[in-house]
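Note sheet for the following structure.
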Amino acid sequence: MDFGLNEQQEMMQTLARDFLTGEYTDTVLKAMVKDEQGYTPELWQKLAKMNLTGLSIPEQYGGIGDFLDLIVVLGEMGRVCFLGPYFAALVLGASLVSEAGNEEQKRKYLPGIAEGKIKATLAVVESKAKYDIDEIESRAISQGGYYVLNGRKLFVLDAQSVDYIICAARVDDADVEQDGITLFIIDVNTPGVSIKALPTVAGDKQSEVVFENVKTSAKDILGEENEGWPYVERVLHRANIARCAEMVGMAEQVLKLTLDYAKERTAFGHPIGAFQSIQHRCADMLVDIDGSKFATYQAAWRLNQGLDAARETAIAKAFVSRACRRVMASAHQVHGAIGFTEDHILHYYTKRARAYESSFGGIDYHLGKLAGLK
Amino acid sequence: MDFAFSPEEEAFRAQVAAFLEKEVPREYREKRITFFDMSAQSDWIQVHRSMAEKMGEKGWLSMHWPEKYGGRGVSPFYRLILREELARYHSPGYDSIGCGIVAPALLLKGSEVQKKRHLPGIASGKSMWCETLSEPNHGSDLAAIEVFAREEADCFVVNGQKIWTTNGHFADWNALIVRTDREASPNYRGLTFFLVDMKTPGITVNPVINMAGHHEFNEVFFEDVSIPKENIVGGLNKGFYVVMSLLDYERTTDTVYAIAATYLRDLEEYACDNDLLNPVLENRFAQFKAECEVARLLHYRCAWMQSQGMVPNHESAMSKMFSFELHQRISDFGMEVAGPYSQLTEESALAPMFGRISSCYLRSFAYSLEQGTSEIDRDVIAQRGLGLPRLR
């Protein structure tokens, strides 16, 4: 057993923390939430220069580090409530290509992602938005050596700032009840692809993506035809763990804001942080955060070791999501009215935590998965 | 990061499981007896002692101690594995006071003579301990305790009453903390920690029955009880420091997370066997399973810190509070699982799980009180863990 970070993880953590706290100020965050794309190419270049866009990509394709390094960095991104296609590019795009792609596809996409020149995201859920295979109705019909893809995807992350969208669809007469899912990697500039931003509470960049008679071909299939779902499932595990890591970072920062405020704000002649009613809330916040962190690390560690992590992932996402709700609610209570204002940074975290909770399956979804594992 | 046990640790777990499979009385497993049901089981103390001695013979009660004192110097995870398996098999035999608190206190603060005198008894499972800290008027505010020990030429003489003394009715030895200086300021500088033979004349133990109808704790009266000076641990008037380091230990030695997870497993088995499961209930079981996992990890973090030579402090308060409160919530939930059957006591043939559901529920009210209340735990976390200012 080892509950600590190793040297490389500590180094990545420090590197990311120093960079992000300097670069990603509250002012930047507020601007990015308003911005249509939610990031700037300059920032992306800086991340690429620090090799952060190569994390968890295999070395032979220009990458560096493993999934745990990526998790540690995502935790730091959570602390600053980072917005931008980093999660989509690394956790979704790069890992799907690494897992499912053939040699040619890996060479085509991975070095580009690692260098910060290419970004890809994943489009899975449709109108039911439940992250289960049986809701996928998007369909690609083969026609004279090509496929013609039609479908409508929802809650696609950062679709407006990526170059490629990996779309989970059924081919020809593949039955909706069956496992046959095929993954097509589609250039966003292909005629028939339209992207419409979804206005969300958190202002994070999620979109509706419509594929209308989009022409694609067999060489753009990741993995085998009809064999795509197991890859999606694995990436969903990664995505959920990664979301947990971000939420833990967010909760840590929110606790810090809360403690600072509780030490500085006085009432009845004392800092409010000296009162048990405030202290006990803060104590519960720390229990939630540490519990969340180890649940996340355990799932991440198992996945990184190549072990089955279905149970640990479900536990982590269900627990972290609820813990995060409690942390955010307590932070608001301690901050009082000032935390309720638009100017204050706190609500950016509260809103984002809620968005992350529901992405890739909410609490009941994961409890359902856990209940199903005997 | 590494969330796996070593092959040696796994082998030890298998060895313990095989031993318990053979040695734990069938009835204890069937009825899912826990420590808390001791008084409902007429032979509990006898089984407790005999299991302790069997484990003592194997060296399991002391394996994480330094080799110099008969241990094998292994990581604290071995103690934890042992206790997890004991919980899983509903086995008595682990003296959580002697092994869990007194031994670490002696290893940390005891003299060589005290170590040689008392550690072998604990390691062999032959001497059982109780601790007397609380008094009728003082619980959480430990520094205020009043029972006084008067100094004589070669001994101290104690008069007064202690209470909530778990295992006091069968313990051989007692870890006692009393006031030895009434003028000390602050008051905690006037406390001393003594080792007391329970057979010393002048000690009277009376049962205190809890609301579950069980007898696990007692009130202990001291009437001119004389204690030799060599039984002071950590120095005269320095008892508070011994107690503080001991409480940090106490919070990490209990494996309530494992007891809670075992109870949850038993409840789910019962619900499954009796066709009570439905999606709502399954969802709630899953929620508790997730929380049991978190409780386990918070506890392992403390063991990991100890294995690295760090002393968990607010970390152990977090682990203890979370797992005790979790067990309390699971016990509360248990009362819903079997509907009106849940209220039946062990005396009813219709009672689910031999009355475990109702007795566990009733016992659970103490989880947020014992070993420091949840309020004290939260104070510790906020003040020592988060650096929030103290009012008192």
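Chains as they are written, first to last, in the numbering used here: chain A, 10 to 383; chain B, -13 to 378. We put the CB at the ideal spot given by N, CA and C, even for glycine. All values reported here derive from a predicted model rather than from experimental measurement.
Check                                                                                                                                                                                   : Outcome
If the cut is a Cβ gap below 7 Å, which residues of chain A does Glu268(B) touch?                                                                                                       : Ala380
Does the stretch 358 to 368 of chain A come close enough to the stretch 332 to 342 of chain A that 3 or more CB-CB pairs lie under 8 Å?                                                 : yes
Where DSSP assigns a beta bridge to Thr380(B), which residues make up the other side?                                                                                                   : Residue 380(B) is absent from the model: chain B starts at -13 and stops at 378.
Report the start-end ranges of each beta strand (DSSP E) in the stretch 69 to 152 of chain B that is 3 residues or longer and not cut off at the edges.                                 : 115 to 118, 134 to 137 and 141 to 149
Near Trp115(B), which residues of its chain fall below 8 Å by C-beta distance, leaving aside the five closest residues on each side in sequence?                                        : Asp81, Ile83, Gly84, Ile87, Val88, Ile108, Asn153, Ala157, Asp158, Trp159, Asn160 and Ala161
Check for me: the beta strand (DSSP E) holding Arg27(A) runs from which residue to which?                                                                                               : The amino acid occupying residue 27(A) in the given sequence is Asp; Arg does not appear at that position. No beta strand (DSSP E) holds Asp27(A); the alpha helix (DSSP H) holding it covers Glu16 to Glu32.
Using 8 Å as the threshold, is the stretch 249 to 265 of chain A in touch with the stretch 322 to 331 of chain A, meaning 3 or more CB pairs across them?                               : yes
Looking at Arg287(B): is its Cβ nearer than 9 Å to the Cβ of Asp299(A)?                                                                                                                 : yes
Just how far apart, CA to CA, sit Thr62(A) and Gly72(A)?                                                                                                                                : 8 Å
Compute the Euclidean distance between the alpha carbons of Ile149(B) and Thr178(B), then round it to the nearest angstrom.                                                             : 18 Å
What in chain B is Cβ-close to Val296(A), meaning under 8 Å?                                                                                                                            : Leu284, Met304, Met307, Phe308 and Ile367
Might you give, ordered along the chain, the residues of its own chain that have their beta carbon closer than 6 Å to the beta carbon of Tyr243(B), omitting 5 neighbours on each side? : Ala281, Arg282, His285 and Ser309
Find the residues of chain B that neighbour Asp373(A), judging by a C-beta separation of less than 8 Å, and give them in chain order.                                                   : Asn269
From this set, Asp363(B), Gly125(B), Tyr227(B) and His104(B), which residue's C-alpha is nearest Gln285(A)'s C-alpha?                                                                   : Asp363(B)
Who are the Cβ neighbours of Asp210(B) in its own chain at under 7 Å, not counting the five residues just before and after it?                                                          : Val143, Asn145 and Gly188
Restricting to Cα atoms, I'd like to know which of Leu158(A), Asp188(A) and Tyr70(A) is closest to Asn222(A).                                                                           : Leu158(A)
At a CB-CB cut-off below 7 Å, which residues of chain B make contact with Cys333(A)?                                                                                                    : None at all; the shortest Cβ gap to chain B is about 13 Å.
By how many angstroms is the C-alpha of Lys102(B) removed from the C-alpha of Leu66(B)?                                                                                                 : 25 Å
Could you tell me the distance, in whole angstroms, from the CA atom of Phe271(B) to the CA atom of Tyr256(B)?                                                                          : 12 Å
Mind checking if Asn15(A) is an interface residue toward chain B, Cβ cutoff 9 Å exclusive?                                                                                              : yes
If distances are taken between C-alpha atoms only, which option among Thr151(B), Ser305(B) and Pro11(B) comes closest to Phe207(B)?                                                     : Thr151(B)
Identify the contact partners of Arg311(A) in chain B, using a Cβ-Cβ distance below 8 Å as the criterion.                                                                               : Phe(-11)
Is it buried or exposed, Arg247(A), if we count other Cβ atoms within 10 angstroms and call 16 or more buried?                                                                          : buried
Under 9 Å, do Lys112(B) and Gly42(B) count as touching if we go by C-beta distance?                                                                                                     : yes
Could you say which of Gly341(B), Gly320(B), Gln1(B) and Lys306(B) lies nearest to Glu16(B) if we only look at CA atoms?                                                                : Gly341(B)
Tell me where the beta strand (DSSP E) around Arg148(A) begins and ends.                                                                                                                : Arg148 to Gln152
To which residues of the same chain is Cys141(B) closer than 8 Å at the C-beta, ignoring the five residues directly before and after it?                                                : Ser212, Ile213, Pro214 and Lys215
Could you name the residues of chain A that Gln273(B) contacts, counting a contact when the two beta carbons are closer than 9 Å?                                                       : Ala327, Phe328, Arg331, Ile372, Leu376 and Leu379
Name, please, each residue of chain B whose Cβ falls closer than 9 Å to the Cβ of Lys272(A).                                                                                            : Gly373, Leu374 and Pro375
What residues in its chain sit with their C-beta under 6 Å from that of Tyr14(B), if we drop five residues either side in the sequence?                                                 : His76
Does the beta carbon of Ala281(B) come closer than 9 Å to any beta carbon on chain A?                                                                                                   : yes
In chain B, which residues lie with their C-beta within 8 Å of the C-beta of Tyr306(A)?                                                                                                 : Met(-13) and Phe(-11)
Pick from His124(B), Phe5(B), Phe226(B) and Ala246(B): whose alpha carbon is nearest that of Glu311(B)?                                                                                 : Ala246(B)
Output, in chain order, the set of chain D residues within a Cβ distance shorter than 7 Å of Ala276(B).                                                                                 : You won't find chain D in this structure, because its protein chains are A and B.
Going along chain A in order, which residues have a C-beta closer than 7 Å to the C-beta of Phe63(B)?                                                                                   : Met10
Please confirm if the stretch 131 to 139 of chain A is in contact with the stretch 158 to 170 of chain A, defined as three or more CB-CB distances below 8 Å between the two stretches. : yes
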